[in-house]
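A quick write-up on the structure given underneath.
2 protein chains.
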Amino acid sequence: MLINGRSGDSVAVLDRGLQYGDGVFETIAFIQGKAPLWDRHMARLTAACRALALPRQDVGRLAVEARQLLYSDDALCGRHVVKIIITRGEHGSAYFPGQGDATRILYTRNWPQRRQQAGCEGIVLHRCQTRLATGSPLAGLKTLNRLEQVIAAAEIRQAGFHEGLLCDADGFMVEALMSNLFWLKQGGLYTPVLDRCGVSGVMRAEVIEQAKHFGMRVHEVRKTPETLKSAQAVFLSNALGLTAVTEFSGRHMDVNAVPLKIRNAIQQLLS
Amino acid sequence: MLINGRSGDSVAVLDRGLQYGDGVFETIAFIQGKAPLWDRHMARLTAACRALALPRQDVGRLAVEARQLLYSDDALCGRHVVKIIITRGEHGSAYFPGQGDATRILYTRNWPQRRQQAGCEGIVLHRCQTRLATGSPLAGLKTLNRLEQVIAAAEIRQAGFHEGLLCDADGFMVEALMSNLFWLKQGGLYTPVLDRCGVSGVMRAEVIEQAKHFGMRVHEVRKTPETLKSAQAVFLSNALGLTAVTEFSGRHMDVNAVPLKIRNAIQQLLS
């Protein structure tokens, strides 16, 4: 684990990352030592730092530190995850943010095993009762304020599932707990609009670009979960790949209807 | 600073308090070594832990540790603030919360000087553009997810103020950045309802109880800031006391119209 470029595993209690969740993070897939979505992750991180007036991060230095970690963990082969956390450090007074260097944290994690299985077999998607607050100034950003997700995760596990669909306070679909949501209908690809809450995933952006590349129409929409009843296919995307949904709200979904061109393109990207 | 009963000043990077803001906090006024609102703070902390399925805290142990800190800081005289942070520790896998001991952090801070001045003179209240997301499962709780407040604080400072009124995404008043809001109208006391977002302050509860004790009618309402134009008085409450609003949206407010009985009762409580 690297903290501001040095080996470590703790942060100050007064760090605003702990005090207020005053920071952002990225969870990045590395395959054979390379991160296929690196540029997208860095663009999102840079945009989030700008939106929150966090110090701009040196992308080159982040790349060097990520490789340094993978090298020292003997993780240049196979699949690994690098998590980057940027907080505002201890600069500020109560809620008022101050000027100064960020706290920069990088560490590696093993690729989640469940993830690999789900990628092949698809998953059953729980319909969460937990709602996401809407009209958030943090909409789209991957910030350290993730307590709604923790509450939803507890609900999903208690219901016996591993992933769940989250709606906003008005009942409109936003995303899944750990992924963005896509569905296929009459040849068009649909995904919830993320202007009022939710995280704008890097793989979501990649899927949208790939779909357009293959001539598909992509629609960002505000819809209730009832829409999924008449979907030909439903799938989830996150930084580690795509996952087909096999069942939602008692209805079985056709895993094979997930557009093959997109599946292949993403699989190739992550191989 | 005490962390799980031991002297320290840092937490693990993997602590969920940092990773997700998975925790709650209390900011408690101590006057001559005693906390007049201690029971209210402990009731709120206990309720928040239950709501988030965080381990129930031993209130007696928190009291012992708070006094231990004040004693070792030579802070048993005068006014001081004790902050208590409870996180879920490192227990869990990604968003999914696990079972195990919480991380328990206590430390003392000096009483903010600006606060003492504002208490006497009153403050000008900025009208924030930053909105609070609404329909939150965290409504009322004082969690570590406070990034909306950080964004609002930056706005308030940039506008040249020290406190600001926050509305929800639908334009209804919720609270001030660091306080709850009250206004007086035709003899009745009003405060925003906090069922969709906001923090349910311990001093807010105390003010409501005192007002009822003095025979005033107290109304929890959903209103836009325009309501304040015809208010006889506007004041703010937080754990450290009451503050009159002298000006809002270009309109001067009568500091002396803040109900004297309530002012005196709270002043006596905190003396």
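Residue numbers (our numbering), protein chains in the order written: chain A, 42 to 312; chain B, 42 to 312.
The beta-carbon is built from N, C-alpha and C at its ideal position, and this holds for glycine as well.
Note that this is a predicted model, so its numbers are computed, not measured.
Quick check: is any heavy atom of the ligand FMN less than 7 Å from the C-beta of B:T149? No copy of the ligand FMN appears in this structure; indeed no ligand is present at all.
For B:L392, go through chain A and note every residue whose CB falls closer than 8 Å to its CB, in chain order. Chain B is shown from 42 up to 312; residue 392 of chain B falls before or after that span and cannot be answered.
Interface residues of chain B facing A:L218 [CB-CB closer than 7 Å]: Chain order gives the chain B residues near A:L218 as Y136, where near means a beta carbon separation below 7 Å.
Report the option in B:P77, B:T232, B:A180 whose CA atom is closest to the CA atom of B:T268. Looking at the Cα atoms, B:T232 is the closest of the given residues.
Among B:L147, B:L117, B:R97, which one has its Cα closest to the Cα of B:R129? Between B:R129 and the set B:L147, B:L117, B:R97, the nearest pair of CA atoms involves B:R97.
Evaluate the contact criterion for the region 181–192 of chain A versus the region 140–149 of chain A: three or more CB pairs, one atom per stretch, below 8 Å. No contact exists between the region 181–192 of chain A and the region 140–149 of chain A.
Going by the beta-carbon positions, is the gap between A:L185 and A:G282 smaller than 8 Å? Taking 8 Å as the cut-off, the beta carbon of A:L185 is found no closer than this to the beta carbon of A:G282.
Same chain, Cβ closer than 6 Å to A:M257, five either side skipped, listed in chain order: Once the five neighbours on either side are set aside, the close Cβ partners of A:M257 are L230.
Option in A:P77, A:G228, A:C238, A:Q227 with minimal Cα separation from A:A217: Among A:P77, A:G228, A:C238, A:Q227, the Cα nearest to that of A:A217 belongs to A:C238.
Classification of B:R47 by the beta-carbon crowding that lies within 10 angstroms, buried from 16 upward: Exposed.
If we cut at 8 Å on Cβ distances, does A:G205 have a partner in chain B? No, no contact with chain B.
Using DSSP bridges, identify the partner residues of A:N279. Answer is A:G282, bridged to A:N279.
Taking 7 Å as the limit between beta carbons, can you name the residues of its chain near B:F276, skipping five residues before and five after? Once the five neighbours on either side are set aside, the close Cβ partners of B:F276 are F223, L283, T284, A285, V286, V299.
Which word fits B:N305, buried or exposed, when buried means at least 16 other C-beta atoms lie within 10 angstroms of its C-beta? By the neighbour-count rule (16 or more Cβ atoms within 10 Å), B:N305 is not buried but exposed.
Whole alpha helix (DSSP H) runs in the region 200–279 of chain A with 4 or more residues, listed along the chain? The region 200–279 of chain A is shown to contain whole alpha helix (DSSP H) runs of 4 or more residues at 243–254, in chain order.
In whole angstroms, give me the CA-to-CA distance for B:G139 and A:S241. So the two alpha carbons sit approximately 27 Å from each other.
From the beta carbon of A:M42, is the nearest beta carbon of chain B less than 8 Å away? So, interface residue.
C-alpha gap between B:F255 and B:K302, whole angstroms: About 8 Å.
Whole-number beta carbon distance between B:K183 and B:F289, since they are thought to touch under 8 Å: Contact between B:F289 and B:K183 is ruled out by a C-beta separation of about 25 Å, above the 8 Å threshold.
With 16 as the cutoff for other CB atoms within 10 Å, does A:R292 come out buried or exposed? Burial is judged here by how many other beta carbons sit within 10 angstroms of a residue's own beta carbon; A:R292 has fewer than 16 and is exposed.
Please list, in chain order, the chain B residues whose beta carbon lies closer than 8 Å to that of A:V105. At a C-beta separation below 8 Å, A:V105 has no neighbours in chain B, since its nearest C-beta there lies roughly 20 Å away.
Could you give the residue range of the beta strand (DSSP E) that holds A:N151? Run containing A:N151: 144–151, per the beta strand (DSSP E) assignment.
Cα-Cα, which of A:F202, A:L179, A:V165 is closest to B:F137? B:F137 has its Cα closest to that of A:F202, out of A:F202, A:L179, A:V165.
Quick check on DSSP: helix, strand or coil for B:K302? DSSP places B:K302 in helix when its eight states are reduced to three.
Give the C-beta separation of A:G205 and A:T265 to the nearest angstrom, bearing in mind that I take them to be a contact with Cβ-Cβ under 8 Å. Rounded, the Cβ-Cβ distance is 16 Å, inconsistent with contact.
Could you work out which residues of chain A lie near B:I125, taking near to mean beta carbons separated by less than 7 Å? In chain order: nothing, as chain A lies at least about 12 Å away.
Could you say which of A:D80, A:I72, A:A89, A:N45 lies nearest to A:E106 if we only look at CA atoms? Checked all of A:D80, A:I72, A:A89, A:N45; the closest Cα to A:E106 is A:N45.
One or two residues paired with B:R97 in a DSSP bridge: Answer by DSSP bridge pairing: none, since B:R97 is not bridged.
Rounded to the nearest angstrom, how far is the Cβ of B:R336 from that of B:G133, given a contact under 8 Å? Absent from the structure is residue 336 of chain B, since the part of chain B shown begins at 42 and ends at 312.
When you compare the CB positions of B:K226 and B:A195, do they come within less than 8 Å of one another, or not? With respect to the 8 Å criterion, B:K226 and B:A195 are not classified as neighbours on the basis of their beta carbons.
Name the chain B residues whose beta carbon is nearer than 7 Å to that of A:S51? Going along chain B in sequence order, the residues near A:S51 (Cβ under 7 Å) are S51, V52, A53, V54.
So A:V52 packs on B:L166, CB below 8 Å; how close in whole Å? Actually they are not in contact, since the Cβ atoms of A:V52 and B:L166 sit about 34 Å apart, beyond 8 Å.
Put A:R129 into one of helix, strand or coil per three-state DSSP. DSSP, read as helix, strand or coil, puts A:R129 in coil.
My assumption, with CB atoms under 8 Å, is that B:I69 sits in contact with B:W79. Please give the rounded CB distance. So it is a contact: roughly 7 Å between Cβ atoms.
Environment of B:Y112 [buried if 16+ CB atoms lie within 10 Å]: By the Cβ neighbour-count rule, B:Y112 is exposed, with fewer than 16 other Cβ atoms within 10 Å of its own.
Option in A:M42, A:V54, A:K124, A:G62 with minimal Cα separation from A:A76: It is A:K124 whose Cα lies nearest to the Cα of A:A76.
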